[in-house]
Amino acid sequence: MSFHHEETIASLKDEVQKLRILLDNEQRDFCDYQATSQEVEEQLTKENDHLKTFVRTAELLQAEKVSLMERHNRERRDLLVSEDRLMKLLEEKTAECLLLKEKVRKLEMDNDHLERAQRAGEQDLNDLNDRLNIALERVVLAESELTEAVEDNEQVYRLREENLYLREELGLGDGLHNQSTILDGCGDASVPKERDSIRVRTELLRLQPAQRVHDRSISDSLMTDEIYNDVHIGEDRSKSSLMRAGGHNDQRPQHHNGRTHEEQQTQNGDCQTSQSQNPNGEIQSQRPQPPNGESQNTPARSRSRTMIKDPVGVIIKMNQIVRDLLLKVNQMESKVRLNSTDSSVKTTD
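Pasting the structure below:
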């Protein structure tokens with residue numbers, strides 16, 4: 000029985016020993032587990048803290064994202080509005096650019112037209128200046144011819160007075176005395192008039208043209224035609240007056256007094272004058288009629304020197320024509336200056 004109890008005690012001791020060994024193992028495992036769990040807990044705590052930090056950061060980033068999205072949307076709307084405004088402005092500026100290009104093209108065309116017109120005007124100025132110079136030269140020639148005519152008239156008047164004096168010395172009678180009265184009236188009226196005309200023409204010739212002439216419609220032939228029309232009218236009237244004077248001398252009685260027929264013809268051909276008035280009251284002096292039809296073959300130049308009807312009127316006409324030409328010069332040059340100013344202003348704009 001005791002043996003049985005001893006075996007039981009021994010078996011129980013073995014079991015207790017096993018249990019103790021198992022307990023030690025379990026305690027070691029528990030300690031290891033507890034240490035491991037603490038490490039895991041600390042690690043998880045750290046991870047939790049990190050996650051909380053990440054969550055807060057994510058929340059902040061989310062809020063920032065929302066604000067950035069709102070800002071982006073707002074800026075996008077502003078950008079779209081600005082883009083529309085800029086597109087409209089671009090269209091307006093493009094239209095203005097096209098309009099300015101068209102204006103520039105028109106201004107270039109106008110500038111070309113103005114340049115051509117200016118060149119044409121300058122050419123017209125040069126041409127009309129040449130014509131004016133030619134006309135002034137002709138005026139100078141006419142003045143010299145009229146001066147020669149006045150000198151011839153004075154010489155004729157002097158010779159007539161000498162002839163009358165000689166005839167009075169020879170006692171030609173009352174008829175010659177009446178003729179001397181006519182000659183005195185003609186000479187006293189014509190010579191001062193011719194002298195006044197020379198003075199007027201001299202003052203006219205002193206007028207220098209200050210500017211060029213611009214009008215083609217008035218040419219130098221106008222002055223020449225007026226001068227020679229007056230010359231031919233005076234010549235015709237002089238011929239008719241001389242023919243009447245010659246007929247009157249033929250009807251007078253012949254006083255031979257011992258002189259030959261050639262002396263009588265010379266006397267009848269010497270310096271016969273007649274004083275006549277035109278409707279305007281202008282005194283006209285006639286040259287003696289050359290014998291044997293010599294007046295028909297006389298050159299036009301020599302006849303124009305002595306047969307001008309109204310030299311003062313001719314000079315006044317020339318003066319008026321020159322003044323009209325100078326007035327037109329001023330008008331044309333003012334137009335050219337105005338066109339140049341307009342063109343420069345348009346180009347500046």
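Anchor point for the sequence shown: position 34 equals 33 in numbering that gives the first Met the number 0, and the numbering is continuous, going up by one each time. Glycine included, C-beta positions come from ideal geometry on N, C-alpha and C. Note that the structure is predicted; figures quoted are calculated from it, not measured.
Looking at Gln-117 and Val-335, is the spacing between their C-beta atoms short of 8 Å?
Yes, the pair counts as a contact, with Cβ atoms nearer than the cut-off.
Could you give the distance in angstroms between the alpha-carbon of Leu-337 and the alpha-carbon of Met-331?
Computed Cα separation, rounded: 10 Å.
I'd like to check one pair, Leu-324 with Leu-131: are the Cβ atoms closer than 8 Å?
Contact: yes.
DSSP three-state call for Gly-365: helix, strand or coil?
Within the shown structure, residues of the chain are numbered from 0 to 348, placing residue 365 beyond reach of any answer.
Could you check which residue in Thr-340, Glu-101, Gln-319 has the C-alpha nearest to that of Leu-135?
The residue with the shortest Cα to Cα distance from Leu-135 is Gln-319.
Suppose you measure from the CA of Arg-104 to the CA of Asp-341; what does that come to, to the nearest Å?
Using only the alpha carbons, I get a separation of about 16 Å.
If you draw a straight line from the alpha carbon of Asp-109 to that of Glu-95, how long is it in whole angstroms?
Between Asp-109 and Glu-95, the C-alpha separation is close to 20 Å.
Which word fits Ala-148, buried or exposed, when buried means at least 16 other C-beta atoms lie within 10 angstroms of its C-beta?
So Ala-148 counts as buried.
In angstroms, rounded to a whole number, what distance separates the CA positions of Thr-56 and His-49?
Those two C-alpha atoms are separated by around 10 Å.
Just the Cα atoms here: how many angstroms apart are Asp-31 and Lys-45?
Whole-angstrom Cα-Cα distance: 21 Å.
Using 10 angstroms around the beta-carbon of Arg-159, count the other beta-carbons present and answer buried if the total reaches 16, otherwise exposed.
So Arg-159 ends up on the buried side.
Taking C-alpha atoms, which residue in Leu-127, Asn-72, Val-138 lies nearest to Ile-315?
For Ile-315, the nearest C-alpha among the options comes from Val-138.
Taking only the alpha-carbon atoms, compute the straight-line gap between Glu-69 and Glu-38 and give it to the nearest angstrom.
Going from the Cα of Glu-69 to the Cα of Glu-38 covers about 45 Å.
In three-state DSSP terms, what is Asn-277?
Only weak support is given to the placement of Asn-277: the predicted model assigns it a pLDDT of 40, under 50, and the value that follows is read from those uncertain coordinates. In the structure shown, Asn-277 sits in coil (DSSP, three-state: anything other than H, G, I, E or B).
Quick check: the Cα distance between Gln-271 and Asn-125, rounded to an integer number of angstroms?
Here the model assigns Gln-271 a pLDDT of 39, short of 50, so the residue's position is not dependable, and the following value carries that caveat. Going by the C-alpha atoms only, they are around 49 Å apart.
Quick one: complete alpha helix (DSSP H) runs, 4+ long, within the segment 78-160?
Counting whole runs of 4 or more residues, the segment 78-160 contains no alpha helix (DSSP H) stretch at all.
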